[in-house]
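Each residue of the sequence shown is one higher than the last, beginning at 156 in this note's numbering.
No residue lacks a Cβ here, since even glycine has one placed at the ideal position from N, Cα and C.
Comments concern the structure below.
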Amino acid sequence: GWKSISVAGVELTGDYTIGASTELTLEDSTNLSLFKKGDVVSGMADSTQSAAFNTVLYEGTGEEHPITTGIDNTGKSLVWIKNRSNTKGVASGHQLHDTERGTEMPLFSDSSSDSFFVANSLTSFNSDGFTVVSHSEVNGHEADNTYNYVAWNFRAAPGFFDIVAYDGDNSAQLIPHNLSSVPGMIICKKISSTSTWGVYHKSLGATEFLKLQSSEEAAPYTDAWNNTEPTATDFTVGSNYSDSTGGGKWIA
């Protein structure tokens with residue numbers, strides 16, 4: 156069950172479970188007196204579904220190391236890893252691994268580089284987490300240094316998270332997604348060659364964008380989202396995030 160849930164903008168704490176059959180529905184959320192510890196809230200997820208997100212902390216071992224997150228990564232999923240240790244005065248970057256691109260092929264959220272092979276990084280997506288080996292950004296170890304890591308693990312689920320791969324064609328295009336709801340945030344990156352990251356957020360709207368690898372403020376840019384808001388079935392990328400050069404392979 157959930158330790159806290161938000162209903163009608165109000166956070167409720169306790170051991171809540173989520174299932175498909177109950178007398179209480181999301182429509183009841185305007186009357187919070189109906190809810191008590193142990194109630195089941197319908198309309199959010201099927202009781203047979205596994206968790207869709209978790210954060211875990213772990214210490215590096217420098218050798219093959221399965222990390223348990225409780226997330227089933229055998230389907231579409233993302234693992235975002237950060238070395239939290241300032242090892243020997245050098246800050247480490249972020250590695251993003253997803254099932255669409257496969258193992259040992261990270262992207263780096265603080266870099267505009269393409270996706271490329273990194274040996275001994277994340278080597279498998281498991282039914283209850285993932286496995287890392289010895290790369291310093293995911294599982295380093297030295298006798299005189301402790302490497303501490305955080306991993307954010309996302310599983311694709313309607314209304315929460317999806318991963319979409321698409322080909323650029325140098326023009327604005329509609330990209331289908333499987334959220335069945337309007338995305339609140341979209342992050343896209345060319346994976347076949349160097350390019351900036353693009354970030355859409357509902358608070359900014361489709362006329363502005365952010366760059367994930369940059370500290371620049373949000374700026375108007377038609378060629379980011381073509382000034383078109385996303386829908387429950389697709390989102391629009393402008394020509395900047397539909398570039399076909401360098402292979403033209405993108406992921407969002």
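Checklist entry - What's the call for Phe272, buried or exposed, on a 16-neighbour Cβ count within 10 Å? => result Here residue 272 refers to the residue found at position 117 when the sequence shown is read from its first residue. Its Cβ having fewer than 16 others within 10 Å, Phe272 is exposed.
Item to check | Sub-8 Å separation of Ser267 and Gln368 beta-carbons | outcome: Translated into positions along the sequence shown, residue 267 becomes position 112. Translated into positions along the sequence shown, residue 368 becomes position 213. Yes, these two residues count as a Cβ contact at 8 Å.
Checklist entry - Would you say Ala407 and Ser336 are within 8 Å of each other, going by their C-beta atoms? => result As a position in the sequence shown, residue 407 is number 252, starting the count at 1. As a position in the sequence shown, residue 336 is number 181, starting the count at 1. Cβ distance not < 8 Å, so Ala407 and Ser336 don't count as in contact.
Checklist entry - Roughly how many angstroms separate the alpha carbons of Asp389 and Pro331, rounded to a whole number? => result Here the question's residue 389 lines up with position 234 in the sequence shown. Here the question's residue 331 lines up with position 176 in the sequence shown. Going by the C-alpha atoms only, they are around 4 Å apart.
Next on the checklist: Using CA atoms only, rank isn't needed, just tell me which of Asn395, Pro221, Thr278 is closest to Thr351.
Outcome noted: Taking the first residue of the sequence shown as position 1, residue 351 is located at position 196. Of Asn395, Pro221, Thr278, the residue nearest in Cα terms is Asn395.
Checklist entry - For Asn275, which of helix, strand or coil comes out of DSSP? => result For the purposes of this step, residue 275 is identified with residue 120 of the sequence shown, where counting begins at 1. The answer is coil: DSSP assigns Asn275 none of H, G, I, E or B.
Next on the checklist: Output needed for Asn333: all residues of its chain with C-beta closer than 6 Å, excluding positions within five of it in sequence on either side, in chain order.
Outcome noted: Here residue 333 refers to the residue found at position 178 when the sequence shown is read from its first residue. Cβ neighbours of Asn333 within its own chain (closer than 6 Å, five residues either side excluded): Asp317.
Checklist entry - So, Lys404 versus Lys345, is the Cβ gap smaller than 8 Å? => result Sequence index remark: in the sequence shown, residue 404 carries index 249 (1-based). Sequence index remark: in the sequence shown, residue 345 carries index 190 (1-based). In contact: Lys404 and Lys345 (Cβ atoms closer than 8 Å).
Checklist entry - Under 8 Å, do Ser276 and Thr286 count as touching if we go by C-beta distance? => result Translated into positions along the sequence shown, residue 276 becomes position 121. Translated into positions along the sequence shown, residue 286 becomes position 131. The answer is no: Cβ separation not under 8 Å.
Next on the checklist: I'd like to check one pair, His290 with Thr216: are the Cβ atoms closer than 8 Å?
Outcome noted: Residue mapping note: residue 216 aligns to position 61 of the sequence shown, counting from 1. Residue mapping note: residue 290 aligns to position 135 of the sequence shown, counting from 1. Contact flag unset, no.
Checklist entry - Closest to Thr377 by CA distance: which of Ala311, Asp253, Ala327, Ser247 is it? => result Looking up residue 377 in the sequence shown gives position 222. Considering only alpha carbons, the answer is Ala327.
Next on the checklist: So the candidates are Thr400, Asn238, Val354; which of them puts its Cα closest to the Cα of Val293?
Outcome noted: If you number the sequence shown from 1, residue 293 lands on position 138. Answer by Cα proximity: Asn238.
Next on the checklist: Assuming Asn308 is part of the beta strand (DSSP E), what are its boundary residues?
Outcome noted: Reading the sequence shown from its first residue, position 153 is the one you call residue 308. From DSSP, the beta strand (DSSP E) with Asn308 extends over 303-310.
Checklist entry - At what residues does the alpha helix (DSSP H) containing Asp378 begin and finish? => result To locate residue 378, count along the sequence shown from 1; it is residue 223. Where Asp378 is concerned, the enclosing alpha helix (DSSP H) stretches over 377-380.
Checklist entry - For Ala374, which beta-bridge partners are listed by DSSP? => result Residue 374 sits at position 219 when you count from the first residue of the sequence shown. Phe364.
Checklist entry - In three-state terms, what does DSSP make of Asn300? => result Position 145 of the sequence shown holds residue 300. Here Asn300 sits in strand by DSSP.
Item to check | First and last residue of the uninterrupted beta strand (DSSP E) at Ser232 | outcome: Counted from its first residue, the sequence shown places residue 232 at position 77. 232-238 is the extent of the beta strand (DSSP E) around Ser232.
Next on the checklist: Could you compute how far the alpha carbon of Pro385 sits from the alpha carbon of Ser347?
Outcome noted: In the sequence shown, counting from the first residue as 1, residue 385 sits at position 230. In the sequence shown, counting from the first residue as 1, residue 347 sits at position 192. Cα to Cα, the separation comes out at about 25 Å.
Item to check | Three-state class that DSSP yields for Gly257 in the structure shown | outcome: For this step, residue 257 is matched to residue 102 along the sequence shown. It is coil, neither helix nor strand.
Checklist entry - Is it the case that the Cβ atoms of Thr223 and Asp283 are separated by a distance below 8 Å? => result Taking the sequence shown and counting its residues from 1, the one referred to as residue 223 is at position 68. Taking the sequence shown and counting its residues from 1, the one referred to as residue 283 is at position 128. Closer than 8 Å, so yes.
Item to check | Residues that Asn209 bridges to, as DSSP identifies them | outcome: Position 54 of the sequence shown, counting from 1, holds the residue named residue 209. In DSSP, Asn209 forms a bridge with Asn308.
Checklist entry - In terms of alpha-carbon separation, which member of Val288, Gly248, Asp265 lies closest to Thr258? => result Within the sequence shown, numbered from 1, the residue matching residue 258 stands at position 103. Thr258 has its Cα closest to that of Val288, out of Val288, Gly248, Asp265.
Next on the checklist: I need the boundaries of the beta strand (DSSP E) containing Phe319, first residue and last residue.
Outcome noted: In the sequence shown, counting from the first residue as 1, residue 319 sits at position 164. Contrary to the premise, residue 319 reads as Val rather than Phe in this sequence. Note, Val319: premise wrong, no beta strand (DSSP E); not H, not E.
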